[in-house]
Structures are given as structure tokens and as C-alpha cells.
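Student: Residue numbers (my numbering), protein chains in the order written: chain Y, 1 to 464; chain H, 465 to 928; chain R, 929 to 1392.
Handing you this structure, nothing more for now.
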Amino acid sequence: MSLLHPDRLFPADPGTRTIARSLFETVETLPIVSPHGHTDARWWGENPAFTDAAELFVIPDHYVVRMLVSQGVTFEALGIGAGAETDRRKIWQCFAAHYHLFQGTPSRLWIDHALSEVFGISERLCPANADAVFDAIKAALATPAFHPRALFDRFGIEVIATTDSALDDLAQHQNARASDWQGRVVPTYRPDAVVDPDFEGFRANLDQLGELSGCDIATWQGYLDAHSARRAFFKEMGATATDHGHPTARTADLPQAEAEALYARVLSGDLEKGDAELFRAQMLTELARMSAEDGLVMQLHAGSHRNHNTGVFNAYGRDRGFDIPVQTSFVEALKPLLNAVGMDARFNMLLFTLDETTYARELAPLAGAYPSLKLGPAWWFHDSYEGMRRYREMVTETAGFFNTAGFNDDTRALCSIPARHDVARRVDCAFLAELVVTHRLDEAEAYALAPQLAGGLARAAYNL
Amino acid sequence: MSLLHPDRLFPADPGTRTIARSLFETVETLPIVSPHGHTDARWWGENPAFTDAAELFVIPDHYVVRMLVSQGVTFEALGIGAGAETDRRKIWQCFAAHYHLFQGTPSRLWIDHALSEVFGISERLCPANADAVFDAIKAALATPAFHPRALFDRFGIEVIATTDSALDDLAQHQNARASDWQGRVVPTYRPDAVVDPDFEGFRANLDQLGELSGCDIATWQGYLDAHSARRAFFKEMGATATDHGHPTARTADLPQAEAEALYARVLSGDLEKGDAELFRAQMLTELARMSAEDGLVMQLHAGSHRNHNTGVFNAYGRDRGFDIPVQTSFVEALKPLLNAVGMDARFNMLLFTLDETTYARELAPLAGAYPSLKLGPAWWFHDSYEGMRRYREMVTETAGFFNTAGFNDDTRALCSIPARHDVARRVDCAFLAELVVTHRLDEAEAYALAPQLAGGLARAAYNL
Amino acid sequence: MSLLHPDRLFPADPGTRTIARSLFETVETLPIVSPHGHTDARWWGENPAFTDAAELFVIPDHYVVRMLVSQGVTFEALGIGAGAETDRRKIWQCFAAHYHLFQGTPSRLWIDHALSEVFGISERLCPANADAVFDAIKAALATPAFHPRALFDRFGIEVIATTDSALDDLAQHQNARASDWQGRVVPTYRPDAVVDPDFEGFRANLDQLGELSGCDIATWQGYLDAHSARRAFFKEMGATATDHGHPTARTADLPQAEAEALYARVLSGDLEKGDAELFRAQMLTELARMSAEDGLVMQLHAGSHRNHNTGVFNAYGRDRGFDIPVQTSFVEALKPLLNAVGMDARFNMLLFTLDETTYARELAPLAGAYPSLKLGPAWWFHDSYEGMRRYREMVTETAGFFNTAGFNDDTRALCSIPARHDVARRVDCAFLAELVVTHRLDEAEAYALAPQLAGGLARAAYNL
């Protein structure tokens, strides 16, 4: 018996399910296009073995950690923080003892899928089988077939993008390219550390940016040139996109002199109130102009309140599951940027939100009008069965299918990649089947759209 | 074969579909009540022939234009702007080549319906049949049966309301009345041009208002009297309603002296910060008081950010698809107006929103309490299958059916009128069928409600 | 024939319905756990007879009154206000004549259920049977079997919590305990009247708090001690929770000296702008700290704009259906409180909202991270079929089931208690069945979860 039912995530109505299943059969094994994610470049550059199930599924997965913590498990019991548990088997046992908490969540779908399809486990994880599963995974991971590059190949990945600091030397990408492995891995230019004055070490980061780029970051123009130079380097290394994680979607387009003065204050650290946000806002427009020039697709991820709990941040650091979405608005916020380059045929921008209320109200109307805009898929907490359904239902009628950017898995968990694409393809085929059954779409159209949603739109949106 | 499946938009579940179909059969051919829309009064006054498919379906339809532009088609290729394409056949061919963009959108439902039901086209529009369809439509349009009044009659329209500037002389309505044609066409009083200080030509509009009404708009009282006079004229010409398109739902109820002083500033053009919005807010309350007096039903459409892109507005003007909804709030905003006349049994107000988050949170609770309030149907981007479903699901439990105002098509596209009512009737019957199947409503109740949703509630809400 | 179909509220799809029905059969008759509500403590302390159907179903039910008023029925016709109708039969007839207004609403589900299951009425209420129903109910109410305690027993209530002012002497709870009746009724500490400077009679309430507690409310520490003392008294009387109804979710954690100074201003009545909200905000954190100490579970109900219409409030008072939800935000608002005690293993807080947009965006992410937080069920206007579905669909994927607090009926209408739990159990079983059919949950898991949702989670969340 399998952990996975072949009809999972298909509509309950038998007629609709039949259509969904048929559609899915045509896309199930298509290559995986993964244009946005957070896999570790070292995996591709050095191909190291993973050590155990806790390292693979628990400790680095903020979805998993947050849920366990929310029910009283300590960070330390999960191997995080000073004096934390170091016995990986015990961490795994703790996870298994709490695995019921994930009932009804996407994490459960992903983990069941990975255990079943990657490791051949046929029973749901529970305290009784925790040790056996831990041992089976440990044994598998020691074999070359479970090293990162082998998994990449086995998963049928056509291309994967990493997300990399503007200050990254992309050495692991160099390694991967220089190896005899054929997998296509491309970097993504993520300049938050040198764009956001609130970023830790921002000022030192600027100096490093100057050194790496050979530009004089003491001037506004030099600073912009430094970005251009780094972007050119990333592009040379295969990048087709940039990524920007901002608290809000605010943009600005200041007159030259004001932008220079603002940069001078930012550089000196002598910020006035509002300067940090204004600088981030201005830089989005500057980076958009660079995108129009160099063709890198611009991704904007807005609306997460990072590190909500001060105590958790101080004791355990970033990315521990305490990033909480906030209300986000795009219409006024994006106006300066869109007035500058929104109608420019060379410019391409993808928008992501954690505030679903903006799908139908703001994002679909914007993407359904501006030639430069497309919508990224349902993001983060919404990368889920219900989340994807709501996305399709709220976006499609106003933006259509072709103003969306297909799916991306956005993951740092390697084994979840096929699982996530599997979920997305199933939900999308279910949605198409519902359109067919309600005669909003012909069956032939659905068959043409399914592979677009499964990969074609992502290839097109990211120029891959 | 038909472009239209007889079971379109009905629920997938066979049992529910059967009930929906039976309900729909009882309302399918009921007369169309169209109490709010934007058809051209000249059609009814002069009954001119339409010239071609591009004029009828593409150039003036902002839904169509925006989608094509969002995918890189230029305005010029659609016949809009300086140096635009003038060959209507080429515009139509361009539209046909991109018709797949509309998959999953309401525009596609409307256009398929019109091509099929109005022009007898049996194949979906595509590049291969674009010329033949263009020719067939052109030939049909030249015949009297396709002139506006004939279409009105053929569509089974019981009554249609136009939307008219407060400064309109309603000459076309006079023409229609004076003709031997029996169609009922009524105007709607839309005073934005003389209420909104930000409106183009506002000051000159005021002078014109003074002339038309014979009132002295130099004083606050004279200005209010001018509105009363114009409203009386519109009412005489058949109007039963007024319409107000405001950026926000804010209302105010200033003491007399403050209102006078505000008007003096507005009149002089010497506005203080916030005066424009405050004046619009104050005028909503003044117009509400007039509604209580003269019985005209007050419609408020709030929450669209008009002309989001400056370049598009400068080059191509208004209504080109770049009006984007924004977050809207009603509770504090409407309080002054509702404290003034909200409990007045003579006052009737219909609320429309583009921000669906207000349906369950604000609008249904308000309409479910105030005797003066009813909710207009799902508006603009939400005039769609999913949009109407969400509306019913989020409004009904708190406001019931009888605090809603039925359907209106809100269209400037004549041939889409039957299509839009068809969609609304189908979605409403589907919703009723779901209530029946889940035993939230008796079947007999559903049969009684269906014609109310199809026309009865609109007649009642608009006093038609 | 019954007013109630045995398959009501189950999914339309036959396969899903079968599973939902089977799940429901396992929870249908489980004891009712009612940890939050507004039943009158006098019912339990004195066990008085109810007099008639209008008193039981119409006059005190703000859901009913608001709907009738929204369609033009006067408050007076419903027995409310000066010179109101006093003939209860006429009030009931008026209600019966307008009962169709409730089609599609939860009130209709509740009232049908109560008429059928409590009073054995088999026909839907209408003008023709209004008198007979009135008489039947009157006759029943005169018998001991329909006194409050008997209904409590008959309804299978395991425990019920009332909501009580901090100033309440809990005499009725004393009476109930001292009686030979075995029903478990516990109070809930609701200190709004002595926490909210905008509350009517706030200053006098403080004095009363001082007297009751024997603490010196002239000082900040004395005031806090007074709360502790009252909480201890409530706890002694069986309370396991506190409840806080605030306009917003804002919290604060001021330095000691600032808090003292703020309290001094609040005490003197010499408030600065913003002081009232700041004091409420500060007190939430103080009360949270007390919860961590004494173990009372803290409930926060935020986001209702009370008494929206001034005229209605002046003429007819509070709780007349004119409380309207407003946009609410939790992320920044709760941060001070959560930084203070959010990770404290002793602290438990339940969050309720009227703004559904916060479910997936804010509340599920918060509850899915903080060990102290759980989500209360869909509240007030959302205590309904569609409201509960949206709640489960938007909450579960991020927070799971175990970060929710089960169901509570929140009612002041005794006869609606079984009806409301019946609706919730049906909707939850329908949701579980959908998870099973789409293979997001095993059937065995659904059978284990159903009783948790029906009562287990509530017991656990409220320490009952």
C-alpha cells in the first residue's frame, strides 16, 4: 500500500475527477522547471551527502519547526539553539511523535510524498516506525543515488534557480558549471543586503559591494553602477532574474538630486525618519530600470513581517517560523515604478503576495492591464491546496492564465521539490477540470493549458 | 454545434445541476430589467446602425482592450490613439489572434454568447475564421434588425437605465420618448462632474449647472437648489435613481456654516488640503437628504483608482482599462450620512464595492441592519462566475436575499446585455440549487426566489 | 414530516456526503461543551420559567431584530423602546410574517432547529401557523420540563460558561452551586467595564472594583492587585477563562513609570488623545501576565464598531444589531503582548476576529508559531455554514487543527445552543469528509478528529 493515493487532490465529483485525472496524466512526468527557490548552491557545486532524516526534513524547515513550537515543543528539542539536542535520532523521534499536528497541512503532503517517492516508505510516520524510517533514510543517504545531483537528475529537473546575495561570488555555481554534471543551475540576483538600510551589516555590505564590483559606492551613480556590474556578472553566470524581499511594495521615483541626497544620508548612516523605506522604494524603481536594460526579470516578494518575536530572534536567529504576513497594498505603492517603466516592452516584473485579499482587488487588475506585470504563484503559506485554489479562482477571471508566471516551488527542502510540483499540477488540473465541467473552457483548451501551467508559463516568464 | 453549452455555469454535481437547470428554466426568458448601465443614449434616441465587429466588440470595451494591452498589443493596433490602425478588419484580426487570452474570463463568456446568440456564429473566434466572422457581422449590422432599438426589443428588455451627467440635456431621451418606439429607457442622475472638485473642468461645470438650473450657484443654498432642480428634471424624464462614483465612501455632515465655508473655498478654487475629499463627502450626505425628499434611489460606487498610469492617460485618455480597485472601507466612512438619514424610511441607498473583503465584514452587516441600505450586485471585475458566487456566499448569511438589489449589467456593450443577465441568472440558480441540496432552503422557496433574483429585486430596489 | 432534513449541511457529492454522515453519527450526541457564551446566570441560579415565544426568540436576539429592522419593521413593533408593542402575540405574528427574510441565514437554521427539536413543531413558521405555534410554545414553557435547568440537562450540556462583569458578585453562580441541581456552570472574568476608559460609568466602576476587591485602586499597583483579587474570586467560583472585548487588538508594554503615569491620567479622567486606547492596550498585556500566573485562559474578541447609529443607540440602547465589524489587524498590534508572554508555556490566549481576511494572513500564521496562541472559532456573523467553511479552509493549512479551540456557541439564546453545536458539527464533519475524499486525510484520522472538533479541543483549550 502506498502513502499516496493516485487520485489525491482531485475534485470529489466523479465526472470532474475523471477529467482532472486525464489532464494530470499529460503533465505528471513533464520536466520540472524551478525558476525560484532556495536550494543550497553547495549541493550543486560540491554534491555533498546528506546525513540523516532530521537534517533533511526537520531542523532547517521553518514550516515544520514553527508547527512543533506552536504546540509546545522547544527549539532545543529540535536541535536549534545553545545546548540543543544533538542526537538526530531523538529529534526525529520527537517529530514523529508530533506528526499528527500536520494533518490537513501542505507540509504533511510534501513529507508523505518525499518519504514515499524518494525513500520508498509505505507507512505514515508515527512513533512506532520512527526508528525504522530514520535508519532506512540514513542508509539511503549514504549511497550516491541520494546525493544532491543524483536527486536533481532523478526528479527530472530541467532547470533550477538559486537565490543569491548580491555579494555572493557564485563559486558554487562555478563549481557546478566546471564539473562534468549536466544539471542546469542558475543564480538569482538578490540585493536586499545592499538595498535595505535596515539589513544587518548594511554599511559594511556596501563597502563589499564596492570592492566586488570595482565601482565607487561613495557616489549615487557609483552605487548604481555597482549594481549593474554585479547584475552583469550574475547574468554571465546564467541568471535570468532578480529577487527582492521588501516589507512593503512601496516604490518611489525621486528627482535625481533628491535621490543623491537620500543616498548620501543612507551612506552616512545619518537617516531621517522614513529614509530607510524611501530608499528601498527608490531602489525598486532603479532596479526596475536596470531590468528594462539588461533583461533580468524582476521578482518582488512583499508583505512579511520578519522575526515577529524578539526573544526567538535573539536566541535562535532568522527563519524560525516567526515571519508573519501583514496587510499589503500595491496600487498606490507600485505607481511610481509603473509610471517609470510599467509600459516599457523590455521590462518584466513578477509580483508575489502573502495578502490574498490583493489577488482579485489589486494584483489581477494590475497584471491584466500592464504589459510588464505578471503574477507569481501562490506564495509561502498559500503554496497549498486551498491556497492555490483561491489563487486561481481570484486571479483568472481578471488576469487570465497568460498573465501568470506558472508555478515555482520556493523551497529550501530538496526532497520537497517533486512533491510541490505534484501538488501544483494536481490543483491546476482540478481547476481546469472544473472549468471544463462548467463549460467555461473546452476540453481541448484545458489540454493545451495544462502543460503551460505545469512549466511553459514559468519558462516564458523567466526567459528560461 | 453551438458555442454555448446549455448546462454552462451549473454545478458539477449531477443532482445539484438538475435542480439548477430546473430553476433556470423558470427564469431564462423573463424580461431583462437593467436599472444601471452605460449604453449610449444616442442608440435609443437616434437608433443608428453599428458599423462593424471591431467597433462593437473591441475598441470601446475596456475589459477587452486591457487584456490585449497586458499581453503586449499596442493601443494603436486596437484603433486607439494618434496614428492608430484605421482598418477595422485588421483590428478584428488582431483580436481574433489573441482571443485565447480570454480563456477563463467573463469577457469570453459574454463575447461567445453575443457571437452565438446575436449573430448566429457557431464556432469560437480564431484567426482562421476571423474574416468570415467579421464579414457576417458587418452584413448583419447593416440590416434594421440589428439597429439598437430592434436589439433592445429582441433582447426582451423591459426597461433600461442610462447613466447621464447632471449637465446632460437628455435630448436623446426626449427623442426616444417622442418616437413611435415603445422601449422604456430612463436616465440616471450622475453629478460627479459638479460634485468632485478634482473633476476636469469642475469650475466651468458649476457655471453650466447654474445656467441649466436657473439657480445661483454662487451660494451654497443656490448650489444645492441647482441639484434639486436638475434632479426634478431627471425625475420628470423617468429617472428613478442617482449614481455617484467616488474614490472612497467617505461621507461628512458638517454644520451649516462650515459647509458654506467649504463650498466658498471650492467655488473659488482656493482649496485647502483635504477640501476636495471633504466636499465630496459632504455632498454625499446632501444628496442623500435630497434622495429622502424626492425618492430617487442613491447608488454609491466607491473604490476605483482611476487612470493609474499617467502615460496611458495622457496618450489614450480615460476608460482604457487602467482603473484599479483599492482597499475601501465603509463603516466609519458612511457613519455621518447614515446618522443623518440612514433610519429614514423614505431613503434608499445601494452600495457597490470593488473590495470583496467588505462583503461579509462591512456591507452585509450594514445592509442587514439599516432599513435604507441594500447591496448592489457584484461590480465590474466581480461581474463574473466566481465573483458572483463569492458575493452570494459572503453576503447572504448576514443580509439575506431581500437586502440585495438584484442584478444589473453595468455595461456599455449592447450585445453583452443578454449575456450578462444569462450569466447572473445561471450563477444565482446554481447558488439556490446548492442551498436546496444542502437543505438550507426548501425547493419551493428556491422557485420563489429565482425570479426575484432575476428581476424582481431590481424592480423593487430601483422603484421600476 | 420534520422541519429538519437529516442530511442538512452535508456536501452535495454523494460519496462525500456518505462519509460526512458517518462521521457525524459518531459525534451527533456527544455532550455539549460550551466554554464561551452569554446565557443569563439567573437561569442557572433561579431557574425561572420563560414566558412566551417572543421573549424567547425575538426581542432579545439581535440577529433577529436587525434583520427585521433592515426591512422596515420598527423597533417598537418588536417590543423595543418607549411605547413599544406589549402584546407578545402581536410581536410573534410580526416575526412570522417576515420569517422569509431569514432564508439562507444561520438564524433560520437555529430557529427551525429549536422549533423542531425543542418544541416539536413540524411546519416552518408562517403567518398561518403563527398563533398555533405561539400557543404551543406558551403551553410548553409553563411546564417544568422547559425551565432553564431542565433544558440544560435535556440538551446534554456538559459544562457552560457565562460571561460576567468583573464587578459581578456571582450570586447566581452561588445559587446554582448551592442548589441540588448538578449542572456545571462556570463564570468568565470580563473586565471591560474597569479596563476601558470609554466604558459608561468607568470611573465609578473603578471605585466599585476597589470596594469589591479591598484593594486601593488609587495606585497602579493597587489597581492591578484588584484585578488579581477578582480573578482569584472568579477562579474559586469555577472560572477557567477571561474575556476581553476591545475595538482593536492593540497591545502595549510600557515601562513601569509610563504605565503608572498613564493610569494616573486615566484615574483622574484627564485623558490625553490616545490615552484610552493606550490604556486598553497596556491592560491587555497586564492581564496576559496575570493569565500566565493564575492560569486563566485569555480570550480576545476584537474588531466590532459598537452602536454604529447614534439615533438607534439613544432610543433603544446597546445590542440592537447595529454593531458593525471593521478591518482589524493583529500582527503589529499583538507584538508587545507576545514579546512579553507569547513564549511563556504557562500562558494561553484565544483570538477571535470579525475580519475574515486575517484568518489566513495573520491569525493562522501567528497561532501556527506561538505556543501560547490558539484560534477561537468563527465568530458572530461568521458563526454560520459558509463562515465556518471559510474558517476551516483558511486556517487549517497553516495552523492545523490543534491550534484551534473547537467550537463555542457564543449565544444568549438558550434554545439555540443545541442548534449551533449541531451546525458546527455538521460543517466540521463535511470539511473532514472533503479532506478524506481528496485524500488529504485518512478516514481513520477523520474519525479521530471529529470528536476533537466537537468537544475535545474546547475542553483542552479552556482547561475544562
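C-beta: ideal position from N, C-alpha, C; glycine also.
Could you confirm whether any beta carbon from chain Y is found closer than 8 angstroms to the beta carbon of S1257(R)?
Tutor: By this cut-off, S1257(R) is an interface position.
Student: Quick one: using the 10 Å Cβ neighbour count with 16 as the cut-off for buried, is G400(Y) buried or exposed?
Tutor: Classification for G400(Y): buried.
Student: Taking only beta-carbon atoms, is N403(Y) less than 8 angstroms away from chain H?
Tutor: Yes, because at least one Cβ of chain H sits closer than 8 angstroms to the Cβ of N403(Y).
Student: Verify the CB distance criterion: does E362(Y) have a CB-CB separation below 8 angstroms to chain H?
Tutor: Interface residue, yes.
Student: Within 8 angstroms (strictly less), CB to CB, does G1231(R) reach chain Y?
Tutor: So, not an interface residue.
Student: At the level of alpha carbons, what is the spacing between D819(H) and Q916(H)?
Tutor: Whole-angstrom Cα-Cα distance: 25 angstroms.
Student: Nearest by alpha-carbon distance to Q221(Y): which of P197(Y), T242(Y), V185(Y), Y263(Y) is it?
Tutor: If we check each option's Cα against that of Q221(Y), Y263(Y) comes out closest.
Student: Tell me which residues share the same chain as D253(Y) and place their Cβ nearer than 8 angstroms to its Cβ, disregarding the 5 neighbours each side in the sequence.
Tutor: The residues are Q282, T285, P336, L337, N339, A340.
Student: Against chain R, with Cβ distances strictly below 8 angstroms, would E445(Y) count as a contact?
Tutor: No, because no Cβ of chain R sits closer than 8 angstroms to the Cβ of E445(Y).
Student: Sorted by chain position, which residues of the same chain lie with C-beta nearer than 6 angstroms to F407(Y)'s C-beta, five sequence neighbours on each side aside?
Tutor: Answer for F407(Y): P377, A424, listed in chain order.
Student: Using a Cβ-Cβ cut-off of less than 8 angstroms, give me the residues of the segment 1296-1316 of chain R that come near chain H, in sequence order.
Tutor: Cβ contacts with chain H: F1309, H1310, S1312, Y1313, E1314, G1315.
Student: Kindly indicate the opening and closing residues of the alpha helix (DSSP H) around D874(H).
Tutor: Counting along the chain, D874(H) falls outside any alpha helix (DSSP H), and DSSP gives it neither H nor E.
Student: From the DSSP output, which residues share a beta bridge with T868(H)?
Tutor: DSSP lists L839(H) as partners of T868(H).
Student: Label H933(R) either buried or exposed according to how many other C-beta atoms from any shown protein chain fall within 10 Å of its C-beta, with 16 as the threshold for buried.
Tutor: Label assigned to H933(R): exposed.
Student: Is the segment 178-191 of chain Y touching the segment 228-237 of chain Y in the sense that three or more CB pairs, one from each, lie closer than 8 angstroms?
Tutor: Yes: at least three Cβ pairs fall under 8 angstroms.
Student: Quick one: residues in its chain with C-beta nearer than 6 angstroms to the C-beta of G1270(R), no 5 flanking neighbours on either side, listed in chain order?
Tutor: Cβ neighbours of G1270(R) beyond the five flanking positions: Y1298, S1300.
Student: Could you give the distance in angstroms between the alpha-carbon of L141(Y) and the alpha-carbon of L170(Y)?
Tutor: Cα-Cα distance, rounded: 26 angstroms.
Student: Hey, S34(Y) and I111(Y): beta-carbon distance below 8 angstroms or not?
Tutor: Result no, Cβ atoms of S34(Y) and I111(Y) do not sit closer than 8 angstroms.
Student: Are the CB atoms of G81(Y) and F75(Y) nearer to each other than 8 angstroms?
Tutor: Closer than 8 angstroms, so yes.
Student: Does the beta carbon of V901(H) come closer than 8 angstroms to any beta carbon on chain R?
Tutor: With 8 angstroms as the cut-off, V901(H) counts as an interface residue toward chain R.
Student: Between the Cα of E850(H) and those of W380(Y), F50(Y), T396(Y), S179(Y), spot the shortest distance and give me the residue it belongs to.
Tutor: The candidate whose alpha carbon is nearest that of E850(H) is T396(Y).
Student: Would a check of beta-carbon distances place V1114(R) closer than 8 angstroms to chain H?
Tutor: No - not a single Cβ of chain H is within 8 angstroms of the one on V1114(R).
Student: Would a C-beta distance cut-off of 8 angstroms place A114(Y) and T1366(R) closer than the cut-off?
Tutor: No.
Student: For S486(H) and V528(H), which I take to be in contact (beta-carbon distance under 8 angstroms), what is that distance rounded to the nearest angstrom?
Tutor: Incorrect: roughly 34 angstroms between the Cβ atoms, too far for contact.
Student: Tell me which same chain residues have a C-beta within less than 6 angstroms of the C-beta of P1119(R), skipping the five on either side of it?
Tutor: Excluding residues within five positions, the ones whose Cβ falls inside 6 angstroms are A1094.
Student: What did DSSP end up calling E393(Y) once you bin it into helix, strand or coil?
Tutor: Here E393(Y) sits in helix by DSSP.
Student: When you measure from the CB of R66(Y) to every non-hydrogen atom of the ligand MG, does any distance come out below 7 angstroms?
Tutor: By its list of ligands, the structure shown contains no ligand whatsoever, and the ligand MG lies outside what it can speak to.
Student: Which residues does DSSP pair with A833(H) in a beta bridge?
Tutor: Answer is none; A833(H) lacks a bridge partner.
Student: Taking a cut of 8 angstroms between CB atoms, which residues from the segment 528-554 of chain H lie near chain Y?
Tutor: Residues passing the 8 angstroms Cβ filter: R530, M531, V533, S534, Q535, G536.
Student: Is it right to say E826(H) is buried, meaning 16 or more other beta carbons lie within 10 angstroms of its own, or is it exposed?
Tutor: The residue is buried, with at least 16 neighbouring Cβ atoms inside 10 Å.
Student: What residues in the segment 1-34 of chain Y bring their beta carbon closer than 8 angstroms to a beta carbon of chain H?
Tutor: Residues passing the 8 angstroms Cβ filter: P11, D13, G15, T16.
Student: How would you write the range of the beta strand (DSSP E) that H1172(R) sits in, first residue to last?
Tutor: It spans 1169-1174 - the beta strand (DSSP E) in which H1172(R) sits, taken as one unbroken run.
Student: Comparing the C-beta of P418(Y) with each C-beta of chain H, is any distance below 8 angstroms?
Tutor: Cβ-Cβ to chain H under 8 angstroms: no for P418(Y).
Student: For a test of the three-state rule: what should DSSP assign to T897(R), helix, strand or coil?
Tutor: This structure cannot speak to residue 897(R), because chain R is shown only from 929 to 1392.
Student: Relative to the C-alpha of T967(R), which residue among S1050(R), L1199(R), L1079(R), H1236(R) is closest?
Tutor: T967(R) has its Cα closest to that of L1079(R), out of S1050(R), L1199(R), L1079(R), H1236(R).
Student: Should the segment 302-319 of chain Y be called in touch with the segment 201-220 of chain Y, which here means at least 3 C-beta pairs below 8 angstroms?
Tutor: With the cut-off at 8 angstroms, the segment 302-319 of chain Y and the segment 201-220 of chain Y do not touch.
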